[in-house]
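Peer 1: Provided herewith is a single structure, encoded as structure tokens, for subsequent inquiry.
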Amino acid sequence: MADYSKDEIKRIEQKWQDKWVADKVYKVSVDTSKPKYYALDMFPYPSGAGLHVGHPLGYIASDIVSRYKRIKGFNVLHPMGFDSFGLPAEQYAIQTGQHPAITTAKNIETYKRQLKQIAFSFDWDREVQTSDPAYYKWTQWIFGQLFNAWYNKKSGGKTEPIQALITELEKNGNKNIEAVCDDETPVISADQWKAFNDQENENFLQKYRIAYRSETMVNWCAALGTVLSNDEVKDGVSERGGYPVERIKMMQWSMRITAYAERLLKGLDTIDWPEPVKEMQRNWIGKSVGCELDFKIDGTGESIRVFTTRIDTIYGVTFMVIAPEHELVDKITTAAQRAEVEKYVDIAKNRSERERMSEVKRISGVFTGAYVINPFNNEKVPVWIADYVLAGYGTGAVMAVPSSDTRDYAFAKHFNLPIIDVLEGPTSDITKDNFEPKSGKMINSGFLNGLPWNEAIEKALKKVEESGIGVLKVNYRMRDAIFGRQRYWGEPFPVYYTNGIPKIVDFNDLPVTLPEINEYKPTETGEPPLARANGWNYKGHPYELTTMPGWAGSSWYWFRYMDPTNEKEFASKEDINYWQDVDLYIGGSEHATGHLLYSRFWCKALKDLGYGNAEEPFKKMINQGHIQGMSKFVYRINGTNKFVSHGLRKQYETTAIHADIHMVDNDVLDVEAFKKWRDDFRDSEFILENGKYICGTEVEKMSKSKYNVVNPDEIVEAYGADTLRMYEMFLGPLELSKPWATNGIDGVYKFLRRFWNLFHDSNGNFAVTSDEPTRDEQKVLHKTIKKIEEDIDRFSFNTSVSEFMICCNELVSLKCNKRAILEPLVIALSPFAPHIAEELWEKLGHRETILKSSFPKYDNQYLIESSFNYPISINGKVRAQMNFALDMPKEDIEKMVMASEIVQKWLEGKPPKKVIIVQGKIVNVVI
RNA sequence: GCCCUGGUGGUGGAAUUGGUAGACACGCAGGACUUAAAAUCCUGUGGCUAGUAAUAGCUGUGCGGGUUCAAGUCCCGCCCGGGGUACCA
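The first sequence begins at 4 in this note's numbering and counts up one residue at a time.
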């Protein structure tokens, strides 16, 4: 009657989804009587293509944890929202003129429908959308906070309101201030500060603000009227359109993330994240400890400052290299070299960074004619210009030690410069392969001779400090983050200008909403699209015309979920104090150096300013793997309309064409469906093998254009959401990337049906008894509960699905239909397959939702384990283990051990070569 | 180049701190039910060798060594795949 058939599944799933929504069972609020648990998914960008089966993978995992934690007694915050500002909607707007908000709203609707039918336990009342003015009001507010803040390095380092800085400037100027600020900030007195006009005043503060404007090098494409990121530039021209791109300096909004470099680095040790992501962030921050050192320019009073981490190799310096953009280039170039230098600098200037990168192997450079003096040994060495030295890192100048640096070595070889060995080892022929810059002892190095390299560094550093020729210095590779985009579909800045001075819009006038415009592309004069908005100003003052980058809205959204409708604060103190931080964050590792770094940055800044008390936003993170598509190919014989089967394609000249995977079953193409698929295939002919057309297969990214997208809706339609959820978990470890194959889904579906059948007789009538369970049945139950619990705790969901299957198989063979066994199992299954669990729960006579129950306990060890390993020691050393039943008395064990063959042999002084013990019995002893 | 990962049957993948390798599932083979098919259920399933058989022996976790009573797991040296990063001094 009520078989677990596909119709029944549909009925059950609809019934419960409706009921859950009606009863608002997933609604959460602050409840101080319970411990909190915050399980967060990276919110998606709602693209037009909708969800494919890869998207829900991480959501399913976090949903299982959320549901599990709820029945474990936690108050669980499990929200979902949309990162709804983004390029695709804007691109679509440029092409069609349709407002991006319309596209976005439509896409969000699709996403929500798809998400809801998989039955995630999100509290939808807490949904946020970054493009919603009620949300970006607070993104703008945070921007204002960061604009009005600076980084005080004193007492460990802290973000402080800018007013504290102003007060100090008025009192003493900036001589006592230790701040993270612009490198070229002059020292000024209080009087000088007071003498500043408004413009100078603001310009000076800009050097300190966390959100600030500065001249930055950008890739400017005049034809497109926009700034391009490095990956949008190919070979000096724009990727789209092929227009010329030049490197120019431009006024840009930036974020002083560099101020937090050390904290961002140290914080990594306190959070439970996947090692690769931490490593990526470490590399990105790129800390290097070394010193800056002055080399006097021969014949002048000036000097060039270099940065090095290998001061120990100072006696190996045979030349110096400075970047083409170095400020002293002009000054030190001799008349004889001028023409050549100017030519080189000119070429270098117009090469994009990408170009420089792609030409890494090409060695180029030019001699300036100038010499500098090595402060350690007073040797005179020549100064060269080369573009392998970057202006933006360190001091833009390096002391070249060709004997211990591969780049310096290649340069020296190319231009025939001398090489002096300073470390023991191969002398004449240093190649890439035998470079060992971190081994051996110092030679040819004056007072450092004989020391290992690391001790030599210490000794040399000491001398640098004592003699005042340089200073200890820590450098970071990380740059401040550019914060402005010449785009429409992003958060407007809460900034207006009076006489060119940026001011923050008054709090009561937030949000600054996006104005309507009639064209979404940049203006003819190259201004951002917002310049098209007529009469868009703040009390007569012009607004900032760029918008915030994609990462602005996502850098604080976990706070907003805590209190999503608050109009007074971005989240109330009460909520922040209760929910604190994210306990589990699931998402892709591709955000390692973007979103995840920026979020940590904003979290720290906000904490310093008194909002929130967590130093780190995401305590634990898991990266789910990507689900790839399995593309299918047909092979068209070139110039014909004939298609040849995969196995025979080598006999012809063919072109592989993607075939829609829905027309392919088990690699066999449905020829009729293919003919109907597209008009130009209507009259195709096929060369078959064994009467079938076999397709080729390749694993690729899931994408519409590859016709390999599997939609979760199809799976839900065919098997139900419970099967989809369990199957996605069953596929393999969460972190692993794997191609989507529907091969095993029947196995999961069969499991659910068998589980259902445990509760029903052969006629489909509910038939659960209240009989006392046997010991065997209890063993099955307890063992399963324990394993499921352990599996969820270590996020190993694929093994927990297997555990359920084993349990079910065992109960089937025990013919167990007892309430005492089945009821706890229903609860344990509910995080994975909530619909079937809820339905059975109701049939078992419970009126409240399963969420109000609690997770079953296993406490009887004898029911869980049947045996244990007993170590056998001889002369104090463990020699083997024997396996005994858990409830065997200790004395019996001792007796058995002493009597055992293995111990006897040992006592006779003849240790056996091999002992095989199975189930407490010695099976084989090889002597 | 550097950093991080991973490599186990025909396939996806299991395997606590070193302790019966291949759980679970797919696929495949055989059987039951059926006029037949589908569905369902049962049995078998790493490889090799011997045996009518139950079974026994050998071998086996990318390759080569090592530690250990015992290695997929630990150590050393390689090979291959995936991801990240790239003149950062």
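Even glycine gets a Cβ: it sits at the ideal position worked out from N, Cα and C.
Because the structure is a prediction, the values reported are computed rather than measured.
(1) Count the other CB atoms, across all protein chains shown, that sit within 10 Å of the CB of Asn377; report buried if there are 16 or more and exposed otherwise.
(2) So, using beta-carbon positions, are Gly591 and Asn641 closer together than 8 angstroms?
(3) Where do the N-terminal and C-terminal ends of the alpha helix (DSSP H) with Gln143 fall, by residue?
(4) From Lys524 to Gln117, what distance separates their C-alpha atoms?
(5) Any idea what DSSP makes of Phe562, helix, strand or coil?
(6) Which class does Thr802 belong to by DSSP, given the choice of helix, strand or coil?
(7) Assuming Arg212 contacts Trp153 under a Cβ cut-off of 8 angstroms, what Cβ separation, rounded to an integer in Å, is found between them?
(8) Find the nearest neighbour of Glu187 within the set Ala167, Leu208, Asn200, Leu168, judged by alpha-carbon distance.
(9) Name the DSSP bridge partner or partners of Asn540?
(10) If you draw a straight line from the C-alpha of Lys645 to the C-alpha of Asp682, how long is it?
(11) Can you round the beta-carbon distance between Leu825 and Leu755 to whole angstroms, since I take them to be within the 8 angstroms contact cut?
(12) Buried or exposed for Ser470, please, with buried defined as at least 16 other CB atoms from any protein chain shown within 10 angstroms of its CB.
(13) Measuring only the C-alpha atoms, how far is Thr852 from Phe77?
(14) State the DSSP-derived secondary structure class of Thr113, mapped to helix, strand or coil.
(15) Check the DSSP bridge columns for Thr162 and list the partner residues they point to.
(16) Could you check where the alpha helix (DSSP H) with Ser602 kicks off and where it finishes?
(17) Checking 8 angstroms against the spacing of the C-beta atoms, do Arg308 and Thr371 come in under that value?
(18) Count the other CB atoms within 10 Å of the CB of Ser740; is the residue buried (16 or more) or exposed (fewer)?
(19) Would you check if the segment 580-595 and the segment 524-538 touch, i.e. whether three or more CB-CB distances between them fall below 8 angstroms?
(20) Please classify Gln148 as buried or exposed, where buried requires at least 16 neighbouring CB atoms within 10 angstroms.
(21) According to DSSP, is Trp23 helix, strand or coil?
(22) Which whole-angstrom value is the C-beta distance of Ser87 and Ile111, which I expect to be below 8 angstroms?
(23) Are Leu454 and Lys444 closer than 8 angstroms when you measure CB to CB?
(24) Please list, in chain order, all residues of the same chain as Ala264 whose beta carbon is under 6 angstroms from its beta carbon, the five residues on each side excluded.
(25) In chain order, which alpha helix (DSSP H) runs of at least 4 residues are fully inside the segment 629-704?
(26) Run through DSSP, which three-state label would Val751 get?
(27) Contact check, Tyr40 vs Ile795 under 8 angstroms by CB: the rounded distance?
(28) Provide the residue span of the alpha helix (DSSP H) that contains Ile288, from first to last.
(29) Helix or strand or just coil, what does DSSP make of Asn478?
(30) Starting from Trp743, trace the alpha helix (DSSP H) in both directions and tell me its first and last residue.
(31) With a cut-off of 8 angstroms, do at least 3 Cβ pairs link the segment 692-701 to the segment 645-660?
(32) Which complete alpha helix (DSSP H) runs does the segment 75-135 hold, if anything under 4 residues is left out?
(33) CA-CA distance, Asp66 and Gly493?
(34) Looking at Met633: is its Cβ nearer than 8 angstroms to the Cβ of Asn711?
(35) Do Glu218 and Lys252 come within 8 angstroms of each other at the CB atom, strictly closer than that value?
(36) What is the DSSP secondary structure of Asp761, reduced to helix, strand or coil?
Peer 2: Straight from the coordinates:
(1) buried
(2) no
(3) 136-150
(4) 32 angstroms
(5) helix
(6) helix
(7) 6 angstroms
(8) Leu208
(9) Pro545
(10) 15 angstroms
(11) The pair is not a contact, with the Cβ atoms about 14 angstroms apart (cut-off 8 angstroms).
(12) exposed
(13) 16 angstroms
(14) helix
(15) Tyr154
(16) 598-611
(17) no
(18) exposed
(19) no
(20) buried
(21) helix
(22) 7 angstroms
(23) yes
(24) Ile288, Tyr479, Met481
(25) 674-680
(26) helix
(27) No, Tyr40 and Ile795 are not in contact; Cβ-Cβ is about 13 angstroms, not under 8 angstroms.
(28) 278-288
(29) strand
(30) Element bounds for Trp743: n/a, residue is neither H nor E.
(31) yes
(32) 90-99, 103-119
(33) 30 angstroms
(34) yes
(35) yes
(36) Looking at the sequence provided, one finds Leu at residue 761 rather than Asp. Three-state result, Leu761: helix.
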